[in-house]
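Scroll down for the structure; my scribbles are underneath it.
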Amino acid sequence: MVYHEHRARFRVSQSVGGAGGRRRERTPRSGRWMSERNMRRDEGNVLAMGLIVFLVLLMTACSAPGGHSSEVQGRDWASRRSEMVRGQIEARGVKDPDVLDSMRAVPRHLFVPDVYRDAAYNDSPLPIGQGQTISQPYIVALMTELLEVGEGSRVLEIGTGSGYQAAVLAEMGVEVYSIEIKTALCDSAAATLQGLGYENAHVRCGDGYGGWPEEEPFDGIIVTAAPDRIPDPLLDQLSDGARMVIPVGEFYQELKVITRTGDDFQQRSVIPVRFVPMTGEIERQRD
Ligand code: SAH
Numbered sequence: 071m072v073y074h075e076h077r078a079r080f081r082v083s084q085s086v087g088g089a090g091g092r093r094r095e096r097t098p099r100s101g102r103w104m105s106e107r108n109m110r111r112d113e114g115n116v117l118a119m120g121l122i123v124f125l126v127l128l129m130t131a132c133s134a135p136g137g138h139s140s141e142v143q144g145r146d147w148a149s150r151r152s153e154m155v156r157g158q159i160e161a162r163g164v165k166d167p168d169v170l171d172s173m174r175a176v177p178r179h180l181f182v183p184d185v186y187r188d189a190a191y192n193d194s195p196l197p198i199g200q201g202q203t204i205s206q207p208y209i210v211a212l213m214t215e216l217l218e219v220g221e222g223s224r225v226l227e228i229g230t231g232s233g234y235q236a237a238v239l240a241e242m243g244v245e246v247y248s249i250e251i252k253t254a255l256c257d258s259a260a261a262t263l264q265g266l267g268y269e270n271a272h273v274r275c276g277d278g279y280g281g282w283p284e285e286e287p288f289d290g291i292i293v294t295a296a297p298d299r300i301p302d303p304l305l306d307q308l309s310d311g312a313r314m315v316i317p318v319g320e321f322y323q324e325l326k327v328i329t330r331t332g333d334d335f336q337q338r339s340v341i342p343v344r345f346v347p348m349t350g351e352i353e354r355q356r357d
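The opening position of the sequence shown corresponds to residue 71 in my numbering, with each subsequent residue numbered one higher.
Spelled out as structure tokens, the structure:
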């Protein structure tokens, strides 16, 4: 403040000093007149500066609580994520540090509808519209760990949904190719991922039954909707040594890991799960 006033006076005296000096030389009266004018100008300038300082203070006062609270809220979301990772994910045995870091980093609350934002870090799946759900955080972490991929890997996801699983992989530096059959979800997931700057997450709208032939083979395939059997085209798009993580079954589903070695596919069951059904071509073939 003091500095501003000082600078203001300095500027005023500088700007009028020369002119005033010249006029004072012409008549003695003009010298007095000029000094009054200078005073008025001085007052005017000080008033103007005062007004500017007042406005700046007002703007600062108005913006401070918003900025402050959003920072506090940002810290709050981050601490909720840390708590989620510690209490729900590490506690159940997920260990891969890259997966844990990613789960701590991705803002899950931005992938759920506004009404569920506050519940985003709860230990449960949540509705995302169109009768679909975003998986429970633990299941996302477990499936990501089971893929055994990392920076630079290429992963195919079937069932983009909200885009959250794709973001968790993208955050780890994985190149993600994700397919979603429901156009509304596909569009909003693509927008969310783009908004968050995940340029390594590519979303395609359509039936994921046939995979993404232009981009095969993949170092991992993750399916987040449950078919009643494993779609053959997806097996074909696994690279040698890669894994597919997929829930299989109808009412009763098992999370399976299929590992490809040449033309051999080893299968193991991990845990019972509950996913929305895979629709489209796989259902047509069953009927
Ligand atoms: N991974 C998602 C959750 C997926 S829910 C997330 O992180 O939010 C399962 C999704 O699979 C649903 O959005 C559903 O529309 C989609 N889906 C079902 N069958 C599909 C198919 N044949 N191809 C692509 N997506 C499919």
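We treat Cβ as the ideally placed atom computed from N, Cα and C, and that holds for glycine.
Quantities reported herein were computed from a predicted structural model and do not represent experimental measurements.
Rounded to whole angstroms, Met154 and Ser258 show a C-alpha spacing of 25 Å. Thr214 counts as buried, since no fewer than 16 other beta carbons sit within 10 angstroms of its beta carbon. Going by C-alpha positions, Asp168 is about 16 Å away from Ile209. Sixteen is the threshold: since fewer than 16 other Cβ atoms of the shown chains lie within 10 Å of the Cβ of Val142, the residue is exposed.
The C-beta of Ala261 has fewer than 16 other C-beta atoms within 10 Å across all chains shown, which makes the residue exposed. Counting other Cβ atoms within 10 Å of its Cβ, Ser172 reaches 16 or more and is therefore classed as buried. When C-beta atoms of the region 270–279 are compared with those of the region 241–253, three or more pairs fall below 8 Å, so the two segments count as touching. Residue pairing by DSSP places Thr331 opposite Asp334 in a beta bridge.
The residues Leu196, in chain order, have a CB closer than 6 Å to that of Tyr186 in the same chain once the five nearest residues on each side in sequence are set aside. The three-state reading of DSSP puts Asp168 in helix, counting H, G and I together. Per DSSP, the unbroken beta strand (DSSP E) holding Met314 starts and ends at 308–319. Leu255 places its beta carbon less than 7 Å from that of Gly231. A straight-line Cα-Cα distance of about 47 Å links Asp310 and Ser140. Taking C-beta atoms as the reference points, Val346 and Leu216 fail to come closer than 7 Å.
Pairing Glu160 with Arg150, the inter-Cα distance amounts to about 14 Å. For Val346, no beta strand (DSSP E) run applies, since DSSP gives it neither H nor E. Taken from the Cβ of Gly229, at least one heavy atom of the ligand SAH lies inside 6 Å.
Comparing C-alpha distances from Ile228 to each of Ala296, Gly332, Glu269 shows the shortest one belongs to Ala296. By the criterion of a C-beta distance shorter than 6 Å, Thr331 is surrounded by no residue of its chain, once the five residues flanking it on both sides are discounted. Taking the Cα positions, Asp298 is about 12 Å away from Glu351. Comparing C-alpha distances from Ala148 to each of His179, Leu239, Ile341 shows the shortest one belongs to His179.
The alpha-carbon separation between Asp357 and Thr349 amounts to approximately 12 Å. Closest option to Thr203, judged by alpha-carbon separation, among Thr294, Asp166, Asp184: Thr294.
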